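Novice: Here you go, one structure.
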Ligand SMILES: *Cc1c(COP(=O)(O)O)cnc(C)c1O
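Residue numbers (the numbering used here): 35 to 516.
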């Protein structure tokens with residue numbers, strides 16, 4: 035079959051182009067209705083309009099050059115300084131804005147690697163101790179940087195198990211990681227204790243506060259009892275905190291912060307033997323969009339500390355309402371003891387992923403997690419006024435699942451893998467069973483039914499074929515079949 039040309043000879047009218055994009059966008063999940071928990075963090079209308087105006091001002095500017103665009107360098111420096119204050123970094127604290135949590139984590143691990151190299155240039159094997167609950171970005175970074183990962187198991191409370199940590203540390207250990215909080219369970223690892231160990235053994239210690247960095251400090255200001263995780267703990271070397279999550283910046287902004295400038299220098303890259311002249315860059319990116327840093331700066335200034343505290347308070351109240359409502363339904367339980375507005379709930383009585391499907395049919399979008407099988411919440415501004423509506427629908431959905439369950443028995447492991455695959459690319463699992471069929475299915479009154487896909491997972495026997503399946507998704511999703 036001859037491949038159709040996608041890049042047309044003739045240009046198209048703006049109206050036509052807008053039409054095409056609007057049409058494609060119809061397939062996207064809607065979040066503006068407040069029914070999506072996670073993925074999107076959007077602030078109030080006034081702040082949104084402010085961010086839109088600022089985005090237009092920086093659409094084409096380039097953050098690569100501080101000399102041509104000093105305003106962007108200034109905005110970045112101020113955002114970093116505000117974050118350093120919030121996380122109790124001393125006057126020596128220094129950091130950079132990156133494109134997201136994954137890049138912040140990659141930068142921390144590169145810094146840790148180069149720090150270790152500086153101490154011992156002979157060291158061939160470098161190990162990073164990563165709690166099982168830590169974000170996959172740590173494994174991704176280790177993969178990129180040639181570092182070996184060592185998994186720290188979790189205790190019954192889903193926090194990193196300290197009793198095992200000592201046994202994992204050896205001469206190869208160059209770095210330890212903790213989360214504040216973890217994505218899956220919303221619990222904070224024992225950062226204080228880990229910091230002590232890191233300090234004693236002189237191991238680089240990174241705290242992943244991508245979620246908590248712009249939330250936990252405001253909880254503390256509100257007088258909530260929260261676990262400490264920041265630079266007040268002596269062993270902490272660096273912290274990641276996402277601006278595009280609870281700081282409500284537009285996507286593409288995170289902070290990587292170091293205890294001191296000397297450590298930050300190990301992140302930078304310089305190349306001076308080039309016909310183009312001297313080249314220096316702070317992060318992965320070369321040319322950089324100015325919008326993310328400018329909108330993040332705008333949001334921090336728009337809210338101020340008081341505004342952040344107020345929003346944190348409202349978000350906590352909404353999360354508490356959700357947890358209480360969920361807990362009052364027999365058979366549903368909150369996983370572990372989540373500290374903020376990120377948590378999961380599970381069930382010993384009903385199939386939790388089927389419940390996710392039922393909720394989806396009612397317009398609610400929740401992520402699902404694997405261990406334990408559970409549905410996942412990140413509560414943010416757009417959800418605040420939709421909590422009661424959710425709890426009403428949840429009751430209905432539970433009843434619907436109970437009814438359906440009587441007629442359907444499925445293998446628990448199949449379900450787990452199937453739903454995980456679904457979560458990666460909802461609707462795209464279908465590429466394996468024919469895009470056309472799936473398209474029809476998706477247009478089938480918009481009803482989601484992930485159990486359709488469980489069959490595919492049934493053929494899988496081990497983790498390596500699961501890796502293969504996910505690799506196939508990635509390969510398929512970003513390939514244009516005309
Ligand atoms: C979101 C997140 C990350 C990764 O951040 P991205 O912005 O998606 O790259 C890392 N850690 C935690 C805890 C997160 O929630």
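In this text, a Cβ means the ideal position worked out from N, Cα and C, and glycines have one as well.
All values derive from a computational prediction rather than experimental measurement.
Tell me where the alpha helix (DSSP H) around residue 339 begins and ends.
Specialist: It spans 325-361 - the alpha helix (DSSP H) in which residue 339 sits, taken as one unbroken run.
Novice: Threshold first: 3 residues or longer. Then list the beta strand (DSSP E) segments lying entirely within the region 111-186, N to C.
Specialist: If we require 3 residues or more, the beta strand (DSSP E) runs fully inside the region 111-186 come out as 128-132, 161-165 and 182-186.
Novice: Hey, residue 387 and residue 364 are a contact pair by Cβ (cut 8 Å); roughly how many whole angstroms apart?
Specialist: So it is not a contact: roughly 19 Å between Cβ atoms.
Novice: So does residue 245 have its beta carbon nearer than 6 Å to some heavy atom of ligand 1?
Specialist: Correct: residue 245 has its Cβ closer than 6 Å to ligand 1.
Novice: Count the other CB atoms, across all protein chains shown, that sit within 10 Å of the CB of residue 32; report buried if there are 16 or more and exposed otherwise.
Specialist: The structure shown has nothing for residue 32, since the chain only spans 35 to 516.
Novice: Among 179, 227 and 176, which one has its Cα closest to the Cα of residue 198?
Specialist: Checked all of 179, 227 and 176; the closest Cα to residue 198 is 227.
Novice: For the alpha helix (DSSP H) containing residue 260, list its first residue and its last residue.
Specialist: Here residue 260 belongs to no alpha helix (DSSP H), and DSSP marks it neither H nor E.
Novice: Can you grab the Cα-Cα spacing for the pair residue 123 / residue 44, in whole Å?
Specialist: Those two C-alpha atoms are separated by around 55 Å.
Novice: With a threshold of 7 Å between beta carbons, is residue 105 in contact with chain B?
Specialist: No chain B is part of this structure, which consists of one protein chain only.
Novice: What's the gap between the Cα of residue 119 and the Cα of residue 89?
Specialist: In a straight line, the C-alpha of residue 119 is about 26 Å away from that of residue 89.
Novice: Helix or strand or just coil, what does DSSP make of residue 103?
Specialist: Residue state, collapsed to three classes: coil.
Novice: Do three or more CB pairs link the region 291-308 to the region 342-355 at distances below 8 Å?
Specialist: No: the two stretches stay apart, fewer than three of their Cβ pairs being nearer than 8 Å.
Novice: Please classify residue 88: does DSSP put it in a helix, a strand, or coil?
Specialist: Correct three-state label for residue 88: helix.
Novice: Would you please state the rounded distance, in angstroms, between the beta carbons of residue 558 and residue 374? I believe it to be under 8 Å.
Specialist: With the chain running from 35 to 516 in the structure shown, residue 558 is simply not present.
Novice: Of the choices 64, 321 and 411, whose alpha-carbon is the least far from that of residue 390?
Specialist: Checked all of 64, 321 and 411; the closest Cα to residue 390 is 411.
Novice: Given that a residue counts as buried once 16 or more other Cβ atoms are within 10 Å of its Cβ, and exposed if not, what is residue 42?
Specialist: Under this definition residue 42 is an exposed residue.
Novice: Opposite residue 377 in the DSSP bridges: which residues?
Specialist: DSSP output for residue 377 lists 411 as bridge partner(s).
Novice: Are the Cβ atoms of residue 243 and residue 283 separated by less than 7 Å?
Specialist: Against a cut-off of 7 Å, the Cβ pair of residue 283 and residue 243 comes out as no contact.
Novice: Here's the rule I'm using: 16 or more other beta-carbon atoms within 10 Å means buried, otherwise exposed. How should residue 141 be labelled?
Specialist: Under this definition residue 141 is a buried residue.
Novice: Near residue 392, what residues of its chain come up, given a Cβ to Cβ distance below 6 Å and the 5 sequence neighbours on each side ignored?
Specialist: Within the same chain, residue 392 has close Cβ partners 431, 434 and 435.
Novice: DSSP on residue 238, reduced to helix/strand/coil?
Specialist: Strand at residue 238.
Novice: Going by Cα to Cα distance, which pick from 367, 259, 139 and 72 is closest to residue 174?
Specialist: The residue with the shortest Cα to Cα distance from residue 174 is 139.
Novice: Nearer than 6 Å: is that true of the beta carbon of residue 169 relative to any heavy atom of ligand 1?
Specialist: Flag set: Cβ of residue 169 near ligand 1.
Novice: Name the one or two DSSP bridge partners that residue 292 has.
Specialist: According to DSSP, which records beta bridges pairwise, residue 292 is partnered with 128 and 272.
Novice: Can you check which of these residues, 112, 385, 325 and 395, is closest to residue 440 by C-alpha distance?
Specialist: Checked all of 112, 385, 325 and 395; the closest Cα to residue 440 is 385.
Novice: Would you list the residues sitting across from residue 96 in a DSSP beta bridge?
Specialist: Its beta-bridge partners are 323.
Novice: Can you give me the C-alpha to C-alpha distance between residue 423 and residue 262, rounded to a whole angstrom?
Specialist: About 34 Å.
Novice: Suppose you measure from the CA of residue 256 to the CA of residue 238; what does that come to, to the nearest Å?
Specialist: One C-alpha to the other measures close to 31 Å.
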